[in-house]
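Step one of this worksheet: look at the structure below.
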Amino acid sequence: MIPHLIPSHQGRPADDPIFSLHREATQRKARGEAIVDATIGVLLDEGGELAVLPTAARAVHEVPAVEWATYAPIAGTPDFLRAVIDDLFAGEPEMQRTAVAVATPGGTGAVRHAIANFLEPGQAMLTTSWFWAPYRTLCDESDRKLETFEMFDAQGRLDTGALDAAVARQLAAQGRALVVLNDPAHNPTGYSMSDEEWIAVADRLARRAAAGPVTLLVDCAYFLYGARDPRAFLRHLRPLLGQATVLFAWSASKSFTHYGLRVGALVACVADEAERTMVASALSYSCRGTWSNCNRGGLAAIARLLTDPDMARACAVERDQARGLLRARVDAFNADARKRGLVHPRYEGGFFVTVFADRPRERAEAMRAKGVYVLPQLPTPPPGAAAATGAPRGSLRIALCSVANRDVARLVEVLAGALALPT
Ligand SMILES: Cc1ncc(COP(=O)(O)O)c(C=O)c1O
5 MIPHLIPSHQ
15 GRPADDPIFS
25 LHREATQRKA
35 RGEAIVDATI
45 GVLLDEGGEL
55 AVLPTAARAV
65 HEVPAVEWAT
75 YAPIAGTPDF
85 LRAVIDDLFA
95 GEPEMQRTAV
105 AVATPGGTGA
115 VRHAIANFLE
125 PGQAMLTTSW
135 FWAPYRTLCD
145 ESDRKLETFE
155 MFDAQGRLDT
165 GALDAAVARQ
175 LAAQGRALVV
185 LNDPAHNPTG
195 YSMSDEEWIA
205 VADRLARRAA
215 AGPVTLLVDC
225 AYFLYGARDP
235 RAFLRHLRPL
245 LGQATVLFAW
255 SASKSFTHYG
265 LRVGALVACV
275 ADEAERTMVA
285 SALSYSCRGT
295 WSNCNRGGLA
305 AIARLLTDPD
315 MARACAVERD
325 QARGLLRARV
335 DAFNADARKR
345 GLVHPRYEGG
355 FFVTVFADRP
365 RERAEAMRAK
375 GVYVLPQLPT
385 PPPGAAAATG
395 APRGSLRIAL
405 CSVANRDVAR
415 LVEVLAGALA
425 LPT
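Residue numbers (the working numbering): 5 to 427.
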């Protein structure tokens with residue numbers, strides 16, 4: 005029988021590998037085994053429970069029933085959109101003035117809209133050679149492609165030269181480029197870009213923008229979990245205004261520890277007024293053509309958390325405590341990993357870190373046999389990249405966000421054993 009499912013969708017995996025590994029780890033834990041599960045990207049407290057900001061939970065519970073029941077406007081409630089723009093651009097009046105936004109179900113929806121509106125079908129978005137796997141799914145779903153540039157240079161810094169060359173290649177090949185950078189606390193590597201790297205990125209993109217439309221999407225899903233002032237990098241993007249379109253995938257999932265609330269926004273800074281209006285309309289149209297509108301209750305809760313000064317302050321204090329939890333794990337990991345000679349990108353904070361390793365599936369399998377779950381990954385090399393660039397050929401992603409501090413030493417020990425490094 006000829007399958008009714010269209011050929012291009014046949015053979016698609018139903019389950020994300022992260023969720024199937026996590027499910028297995030949870031089942032083994034329930035059977036009484038001592039399991040360390042470093043697969044899932046949510047912040048757990050030291051007792052293994054979801055770390056939820058109490059003030060955020062209160063705001064959600066205090067949303068009146070009628071707010072949950074009512075449709076939101078297609079693009080999202082104006083209060084919410086204003087609050088997100090003001091939150092992001094508190095110190096950047098020019099960005100604030102040129103910004104338009106639509107509500108999206110999490111940062112995922114924002115990335116989806118960026119792909120669908122700033123690339124034609126068949127064109128490729130450009131991101132780092134290590135990237136959050138759903139980027140590819142989002143491209144597949146929109147009939148777009150994904151290409152990468154080598155993320156790290158020989159010194160372990162962001163390879164801005166490789167980015168520049170890839171943008172030039174894409175502009176020549178497809179007449180436009182959409183560059184997606186996840187920063188700070190990049191998933192999966194844990195890397196946070198330095199000021200110099202942001203300056204170099206903006207400079208390269210501004211120059212390339214003379215040859216065709218360049219759009220930069222900053223996926224800032226983890227921006228409140230980096231080690232530095234989360235908004236400091238914005239000033240480095242100023243030279244791009246008027247040259248490139250600058251987008252932000254904003255998410256409440258991690259910032260307010262409400263992953264299931266599905267609240268996010270795509271924010272677009274567009275200098276030209278007529279184009280800004282056109283972008284706002286296209287994004288709103290995309291909302292209508294996908295999820296129609298987001299849940300109004302979620303938008304109301306997050307808008308209140310952003311704008312009520314007492315609640316915003318309380319959230320900041322609670323978030324600092326959550327960050328402290330994470331910080332202690334990051335410090336423990338860095339110290340143990342150094343002792344064991346593990347190779348990983350500079351890691352100053354955030355939900356994940358990645359340890360470079362060849363044959364990652366084999367290593368992850370050996371760890372799984374010892375009750376420690378991590379995610380094996382292979383990078384997506386840039387098109388035409390020679391096999392022997394010296395770049396690492398695989399890695400293991402560790403979600404420290406979900407590992408108790410007391411388990412970090414065991415995790416590193418089992419990992420070092422799997423890599424057969426000297427102890
Ligand atoms: C890199 C990155 N971007 C975006 C997201 C979007 O998350 P959400 O849709 O829950 O906001 C995530 C979540 O894991 C992520 O890791």
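Idealized CB from N, CA, C, for every residue including glycine.
Closest by CA to D411, which one among Y351, P386, E352 and L330?
L330
Could you check what DSSP says for Y377 in three-state terms: helix, strand or coil?
strand
Would you say the beta carbon of A225 is closer than 7 Å to some non-hydrogen atom of ligand 1?
yes
Whether H118 touches L175 by CB criterion (8 Å)
Just to set this straight, residue 118 is Ala in the shown sequence, not His. No, the Cβ-Cβ distance between A118 and L175 is not below 8 Å.
Inter-stretch contact at 8 Å, needing at least 3 Cβ pairs: the segment 55 to 66 / the segment 312 to 323
yes
Per DSSP, which residues does C273 bridge with? Please list them.
A103 and V250
Identify, in the order they occur along the chain, each residue of the same chain with its Cβ nearer than 6 Å to the Cβ of A213, setting aside the five sequence neighbours on each side.
Q247 and A248
Taking all protein chains shown into account, decide if T281 is buried (16 or more other Cβ within 10 angstroms of its Cβ) or exposed.
exposed
Going along the chain, which residues of its own chain have a beta-carbon closer than 7 Å to the beta-carbon of R161, five neighbours each way excluded?
E201
From what residue to what residue does the beta strand (DSSP E) around M197 run?
Here M197 belongs to no beta strand (DSSP E), and DSSP marks it neither H nor E.
Assigned secondary structure, G111 (DSSP; H/G/I helix, E/B strand, else coil):
helix
Can you look up M371 in the DSSP assignment and give me helix, strand or coil?
helix
Looking only at C-alpha atoms, which of P97, V104, A181 and A105 sits nearest to A128?
A181
Taking the alpha helix (DSSP H) that T219 falls in, what are its first and last residues?
Here T219 belongs to no alpha helix (DSSP H); instead the beta strand (DSSP E) covers V218 to D223.
Output the residue ranges of the alpha helix (DSSP H) runs that lie fully inside the segment 5 to 71 and measure 4 residues or longer, sorted by chain position.
21 to 34 and 58 to 65
Report, in whole angstroms, the separation of the C-beta atoms of L419 and V359, which I expect to be a contact under 8 Å.
6 Å
Beta-bridge partners of F360, as assigned by DSSP:
S399
Could you tell me which of A403, A307, T30 and H190 sits nearest to F337, measuring between CA atoms?
A403
C-alpha distance - E277 paired with P188, whole-angstrom precision
30 Å
Look up M315 in the DSSP assignment and say whether it is helix, strand or coil.
helix
Simplified DSSP state of M282, which is helix, strand or coil
helix
Roughly how many angstroms lie between the CA atoms of S146 and E28, to the nearest whole one?
31 Å
Neighbour-count burial assignment, A79, 16 or more Cβ in a 10 Å radius
buried
The segment 281 to 297 contacting the segment 119 to 126, beta-carbon criterion three pairs below 8 Å:
yes
If you run the structure through DSSP and keep just helix, strand and coil, what is L415?
helix
Any heavy atom of ligand 1 within a distance shorter than 7 Å of the CB on W295?
no
Starting from T131 and walking both ways along the beta strand (DSSP E), at which residues does that stretch end?
A128 to T132
Within 7 Å: the Cβ of S255 and any heavy atom of ligand 1?
yes
Residues in its own chain within less than 8 Å of Q14 by CB, not counting five upstream and five downstream?
P7
Host beta strand (DSSP E) of F84 (start-end):
Per DSSP, F84 belongs to no beta strand (DSSP E); it is in the alpha helix (DSSP H), P82 to L92.
What does the Cβ neighbour count give for Y226, buried or exposed, with the cut at 16 atoms within 10 Å?
buried
Take P138 as the anchor and find which of E66, P192, V378 and V104 has the nearest alpha-carbon.
P192
Applying the criterion that 16 or more other CB atoms from any shown protein chain within 10 Å of the CB defines a buried residue, is K258 buried or exposed?
buried
Starting from T384, trace the alpha helix (DSSP H) both ways and give me its first and last residue.
Segment: none, T384 is in no alpha helix (DSSP H) and carries neither H nor E.
Rounded to whole angstroms, how far is the Cβ of W72 from the Cβ of N409, which I believe are closer than 8 Å?
Their Cβ separation, rounded to whole angstroms, is 37 Å, which puts W72 and N409 out of contact at 8 Å.
If you follow the beta strand (DSSP E) that L185 is part of, which residue opens it and which one closes it?
A181 to N186
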